[in-house]
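Trainee: Residues 0 to 67 (numbering that gives the first Met the number 0) make up the sequence shown, in order. Using N, Cα and C, we set each Cβ at its ideal position, and we do this for glycine too. Values in this document were obtained by computation on a predicted structure and should not be read as measured data. So that we are looking at the same thing, I have put the structure below in structure tokens.
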Amino acid sequence: MHPVLIVGGTGKTGARVDARLRRRGIATRPVSRSSAVAFDWARPDTWRAARDFADYARATAATGVWSA
0 MHPVLIVGGT
10 GKTGARVDAR
20 LRRRGIATRP
30 VSRSSAVAFD
40 WARPDTWRAA
50 RDFADYARAT
60 AATGVWSA
């Protein structure tokens, strides 16, 4: 299975998605503005480090709930 980038991976939903994928033996990289590998939709300079890890991405942020 290919590595999965979990955008919003340090939040409530993202952490649960991350845990389920890892239990299935799938490599993950949970990212957010505050993660070790920072990722912010509003800052394209943060995209490459996150993108280079994964073949797939899963966004877990709830629409209309978060703010930048």
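#1: Count the C-beta pairs between the stretch 0 to 15 and the stretch 29 to 39 that are closer than 8 Å, then say yes if the count reaches three, no if not.
#2: Secondary structure at Ala56, three-state DSSP: helix, strand or coil?
#3: For my contact list, Pro2 and Arg21 are in at a C-beta cut-off of 8 Å; report their separation, rounded to the angstrom.
#4: In this structure, how does DSSP classify Thr12 when only helix, strand and coil are distinguished?
#5: Is it the case that the Cβ atoms of Trp46 and Phe52 are separated by a distance below 8 Å?
Mentor: So, from the listed chains and residues:
#1: The stretch 0 to 15, when compared against the stretch 29 to 39, does touch it at the 8 Å Cβ threshold.
#2: In this structure, Ala56 counts as strand in the three-state DSSP scheme.
#3: So it is not a contact: roughly 11 Å between Cβ atoms.
#4: In the three-state reduction of the DSSP assignment, Thr12 falls in the helix class.
#5: Taking 8 Å as the Cβ cut-off, Trp46 and Phe52 do not qualify as a contacting pair.
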